Structures are given as structure tokens and as C-alpha cells.
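Participant: Got a structure for you, written out below as C-alpha cells; questions coming shortly.
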Amino acid sequence: MVSGFKPTWMVTNIYDLTPTDLRANGIKAVMTDLDNTLIAWNNPDGTPELHHWLNLLELAGIQVIVVSNNSRARVDRAVAPFNLPYIHRALKPLAWGLNRALRRWHLRRDEVVMVGDQLLTDVWAAHHSGVRSVLVKPILSSDAWITKGNRLLEKVVMWRLRHNYPELTWQEDLNERKTH
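Residue 19 in the UniProt record's numbering is what sits at position 19 of the sequence shown, and the numbering runs on without skipping anything.
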């Protein structure tokens, strides 16, 4: 059961995912969670670092698609400055939103990675849609009220994952090693 929460990689933050590393792993598109992964949940404008990272991926021809459980209005407002495509109300941890993105943008599962800050939603949805996953540390240590319960349960799941998979550690980049 706990294996469904095991990410392919654990990388400190989304900016550690370089176009070179992504391409070396056959990744042509990055699906990403929004809050506390791409942007701080309480700062929809992003940072200069985020703009730079998105520009690097665009120049490398790597598509970025936001897959979020938030409402259309929230996601539209957050991604407008970046001109990113998105799936709203993705229903993670179900695979529905990821599968919808795969179909809409004609992507193969083996050329996509899902990046998120939560095991219980992002990694689980990736696992069940057949897409590789990258767990990143949340941008902020605080969360929106709706996420706080997940974080408590996530601590138990992470403890079990580390017990079952001692090699599961935070990495600097995708080249260190896959966790499975």
C-alpha cells in the first residue's frame, strides 16, 4: 500500500529540475501542482526565480502544465502572468486530472513528470496515472487550511516510506538516483 506514495524522485525544489536533466530522462512536459510547488499558496504572483525557470523550460521546448485542485478562477488568476495551460479541479489524488492533461495535450505517460509538494495528492495521482513523479519540499512551511490535515497524515506515510525504502532521500537534481 505505501508503495503508491513513493515518488520517483525527491528534489528540494522545482527550480532544481533543469532542462538538461529533464531531457536526459526523456521528459518533454512537466505537470505541476500550483500551491506551495510552483508558487507560494499565499502569493499568486510568483518570483523572479520562477519566471527564469519557466523561460528556461520554454527555450528548451519543455511544456509546463499546471494540474491543480483549485477552482478555475484561482488557477486562472495564478497562471495568467505566466501564460501557462492548466487543468483546474483536477480531483487529485484521483488520476482524473493528470489523465485529462495527457489527452488534451497529446502526451505519452513516459514523457511526462508530475511535480508536487504532497505525497497524498500529487504523488498518489501520478502513480495511479502511470506518470513519474517528483516530490518537492513545500515553498512555505505554512499551508492553506485545507492542506493541514494532509500534512499530518503525510508525516506518517513518509515515516513508513523511509522505513521501507531507506534509499529515499532528498536530492539536488534528477541525476543523483531514482527512488525506484
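Just so you know, even glycine gets a beta-carbon here, dropped at the ideal spot from N, CA and C.
Bear in mind that the values here come from a model prediction, so they are computed numbers and not experimental data.
1. Could you give the distance in angstroms between the alpha-carbon of Phe82 and the alpha-carbon of Glu154?
2. Mind checking who Gln171 pairs with in its DSSP beta bridge?
3. Quick check: the Cα distance between Trp105 and Lys28, rounded to an integer number of angstroms?
4. By Cβ distance below 8 Å, which residues in the same chain neighbour Thr121 in space, the five residues on each side in sequence not counted?
5. Closer than 8 Å by C-beta to Val157: which residues in its own chain qualify, once you throw out the five before and the five after it? Chain order, please.
6. Considering only DSSP beta bridges, list what Met31 is partnered with.
7. From the DSSP secondary-structure annotation, give me the bridge partner or partners of Tyr165.
8. Among Leu140, Val67, Val136, which residue has its Cα nearest to the Cα of Gln171?
9. Tell me the rounded alpha-carbon separation between Leu152 and Leu57.
10. Round the Cβ separation of Ile65 and Pro48 to the nearest angstrom and send it over; I've been treating them as touching at under 8 Å.
11. Have a look at Ser133 and Thr12 and give me their C-alpha separation to the nearest angstrom.
Facilitator: Taking the coordinates as given:
1. Their backbone Cα atoms lie some 30 Å apart in a straight line.
2. Here Gln171 is bridged, per DSSP, to Val11.
3. Between Trp105 and Lys28, the C-alpha separation is close to 11 Å.
4. Excluding the 5 residues flanking it on each side, Thr121 has same chain C-beta neighbours closer than 8 Å at Asp33, Asn69, Lys92, Pro93, Asn150, in chain order.
5. Within the same chain, Val157 has close Cβ partners Val2, Phe5, Leu119, Leu120.
6. Partner(s): Ile65, Met114.
7. According to DSSP, residue pairing for Tyr165 in a beta bridge does not occur.
8. Checking every option, the nearest Cα to that of Gln171 belongs to Val136.
9. C-alpha separation (whole angstroms): 33 Å.
10. With a contact defined as Cβ atoms closer than 8 Å, Ile65 and Pro48 miss out at about 22 Å.
11. Looking at the backbone, the Cα of Ser133 and that of Thr12 are separated by about 13 Å.
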